[in-house]
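Undergrad: Handing you this structure, nothing more for now.
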(Lines of atoms letter the chains of each structure in order from A; the text may use other names.)
(Lines give C-alpha, C1' and ligand atoms only; values in the text may rest on other atoms or scores of the structure.)
Protein backbone atom coordinates (compact mmCIF):
# COMPACT_ATOMS: atom_id res chain seq x y z
CA UNK A 2 0.00 0.00 0.00
CA UNK A 3 1.41 3.38 -1.00
CA UNK A 4 1.58 5.94 1.78
CA UNK A 5 -0.01 9.31 1.05
CA UNK A 6 2.26 12.30 1.32
CA UNK A 7 0.94 15.08 3.45
CA UNK A 8 0.20 18.19 1.40
CA UNK A 9 0.14 21.55 3.07
CA UNK A 10 -3.23 22.79 4.22
CA UNK A 11 -5.52 24.65 1.88
CA UNK A 12 -3.42 24.60 -1.30
CA UNK A 13 -4.63 22.66 -4.34
CA UNK A 14 -2.50 19.56 -4.93
CA UNK A 15 -2.65 19.87 -8.71
CA UNK A 16 -2.00 23.58 -9.15
CA UNK A 17 1.11 24.41 -11.14
CA UNK A 18 2.33 27.12 -8.76
CA UNK A 19 6.01 27.91 -8.67
CA UNK A 20 8.09 27.31 -5.53
CA UNK A 21 7.92 31.03 -4.77
CA UNK A 22 4.13 31.30 -5.13
CA UNK A 23 3.59 28.07 -3.18
CA UNK A 24 5.74 29.31 -0.28
CA UNK A 25 4.06 32.72 -0.26
CA UNK A 26 0.58 31.18 -0.27
CA UNK A 27 1.49 28.70 2.48
CA UNK A 28 3.03 31.37 4.70
CA UNK A 29 -0.01 33.61 4.17
CA UNK A 30 -2.24 30.74 5.35
CA UNK A 31 -0.10 30.20 8.45
CA UNK A 32 0.06 33.87 9.41
CA UNK A 33 -0.23 37.21 7.58
CA UNK A 34 2.81 38.34 9.60
CA UNK A 35 5.12 36.02 7.60
CA UNK A 36 6.65 37.27 4.36
CA UNK A 37 9.36 36.35 1.84
CA UNK A 38 12.07 38.53 0.34
CA UNK A 39 14.47 37.39 -2.35
CA UNK A 40 17.97 38.70 -2.95
CA UNK A 41 20.19 38.28 -6.01
CA UNK A 42 23.41 38.64 -4.00
CA UNK A 43 24.87 36.92 -0.94
CA UNK A 44 27.98 37.59 1.19
CA UNK A 45 30.85 35.36 0.03
CA UNK A 46 32.12 34.64 3.54
CA UNK A 47 28.72 33.24 4.63
CA UNK A 48 27.77 31.56 1.32
CA UNK A 49 30.88 30.50 -0.64
CA UNK A 50 28.81 28.18 -2.87
CA UNK A 51 26.50 31.01 -4.02
CA UNK A 52 26.66 31.66 -7.78
CA UNK A 53 25.67 35.15 -8.89
CA UNK A 54 23.00 35.11 -11.60
CA UNK A 55 22.16 31.44 -10.98
CA UNK A 56 21.15 31.35 -7.31
CA UNK A 57 18.83 33.40 -5.12
CA UNK A 58 19.06 34.04 -1.40
CA UNK A 59 15.60 33.79 0.17
CA UNK A 60 14.72 35.20 3.58
CA UNK A 61 11.54 34.56 5.50
CA UNK A 62 10.48 37.34 7.86
CA UNK A 63 8.17 37.47 10.86
CA UNK A 64 6.85 41.04 10.80
CA UNK A 65 10.15 42.79 9.97
CA UNK A 66 12.55 40.39 11.70
CA UNK A 67 14.49 37.84 9.65
CA UNK A 68 13.73 34.32 10.89
CA UNK A 69 15.09 31.91 8.27
CA UNK A 70 17.33 32.09 5.23
CA UNK A 71 18.23 29.66 2.47
CA UNK A 72 19.69 29.55 -1.05
CA UNK A 73 17.81 28.15 -4.02
CA UNK A 74 18.37 27.88 -7.76
CA UNK A 75 16.74 30.82 -9.57
CA UNK A 76 14.98 28.71 -12.21
CA UNK A 77 13.72 26.24 -9.58
CA UNK A 78 12.29 29.11 -7.51
CA UNK A 79 10.39 30.90 -10.30
CA UNK A 80 9.45 28.04 -12.68
CA UNK A 81 5.83 26.88 -12.67
CA UNK A 82 5.53 23.14 -12.20
CA UNK A 83 3.31 21.59 -14.86
CA UNK A 84 5.08 18.22 -14.62
CA UNK A 85 3.67 16.00 -11.84
CA UNK A 86 7.06 14.77 -10.60
CA UNK A 87 8.61 18.23 -10.59
CA UNK A 88 5.64 19.51 -8.62
CA UNK A 89 5.94 16.71 -6.05
CA UNK A 90 9.67 17.32 -5.64
CA UNK A 91 9.21 21.07 -5.21
CA UNK A 92 6.38 20.66 -2.72
CA UNK A 93 8.36 18.20 -0.62
CA UNK A 94 11.01 20.88 -0.10
CA UNK A 95 8.49 23.65 0.42
CA UNK A 96 6.40 21.60 2.86
CA UNK A 97 9.44 21.07 5.08
CA UNK A 98 9.79 24.81 5.52
CA UNK A 99 6.06 25.43 5.82
CA UNK A 100 5.55 22.78 8.51
CA UNK A 101 8.53 24.19 10.40
CA UNK A 102 6.93 27.66 10.46
CA UNK A 103 3.47 26.28 11.16
CA UNK A 104 4.80 24.39 14.20
CA UNK A 105 6.62 27.49 15.43
CA UNK A 106 3.49 29.64 15.14
CA UNK A 107 1.37 27.00 16.91
CA UNK A 108 3.91 26.71 19.76
CA UNK A 109 3.86 30.49 20.14
CA UNK A 110 0.07 30.50 20.35
CA UNK A 111 0.15 27.74 22.99
CA UNK A 112 2.70 29.64 25.09
CA UNK A 113 0.49 32.72 25.04
CA UNK A 114 -2.51 30.65 26.17
CA UNK A 115 -0.55 28.98 29.00
CA UNK A 116 0.65 32.20 30.66
CA UNK A 117 -0.82 32.47 34.16
CA UNK A 118 -3.19 35.34 34.67
CA UNK A 119 -2.38 37.83 37.37
CA UNK A 120 -4.72 37.85 40.31
CA UNK A 121 -6.52 41.11 40.75
CA UNK A 122 -6.68 42.55 44.20
CA UNK A 123 -10.21 43.40 45.23
CA UNK A 124 -11.02 47.08 45.43
CA UNK A 125 -11.47 48.50 48.89
CA UNK A 126 -14.88 49.81 49.67
CA UNK A 127 -14.69 53.54 50.27
CA UNK A 128 -17.38 55.39 52.18
CA UNK A 129 -18.86 58.52 50.66
CA UNK A 130 -16.95 61.63 51.73
CA UNK A 131 -14.03 59.71 53.23
CA UNK A 132 -11.62 61.00 50.61
CA UNK A 133 -12.64 64.58 51.33
CA UNK A 134 -12.11 63.98 55.08
CA UNK A 135 -8.63 62.55 54.48
CA UNK A 136 -7.81 65.50 52.21
CA UNK A 137 -8.92 67.97 54.88
CA UNK A 138 -6.91 66.12 57.56
CA UNK A 139 -3.80 66.17 55.33
CA UNK A 140 -4.33 69.87 54.55
CA UNK A 141 -4.64 70.79 58.26
CA UNK A 142 -1.58 68.74 59.16
CA UNK A 143 0.59 70.44 56.52
CA UNK A 144 -0.52 74.03 57.23
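In our numbering, the protein residues as written are 2 to 144.
For each residue, glycine too, the CB sits at the ideal point set by N, CA and C.
Since the model is a prediction, treat every value here as computed from it, not as a measurement.
With DSSP as the reference, please indicate the residues paired to residue 71 in a beta bridge.
TA: 59
Undergrad: Of all the options 93, 109, 84, which has the alpha carbon lying nearest to the alpha carbon of residue 31?
TA: 109
Undergrad: Sorted by chain position, which residues of the same chain lie with C-beta nearer than 6 Å to residue 102's C-beta, five sequence neighbours on each side aside?
TA: 31
Undergrad: Check whether the Cβ atoms of residue 37 and residue 26 sit closer than 7 Å, and answer yes or no.
TA: no
Undergrad: Is residue 51 near residue 59, with beta carbons less than 7 Å apart?
TA: no
Undergrad: For residue 97 and residue 68, I'd like the C-alpha separation in whole angstroms.
TA: 15 Å
Undergrad: List the residues that DSSP assigns as beta-bridge partners of residue 37.
TA: 61
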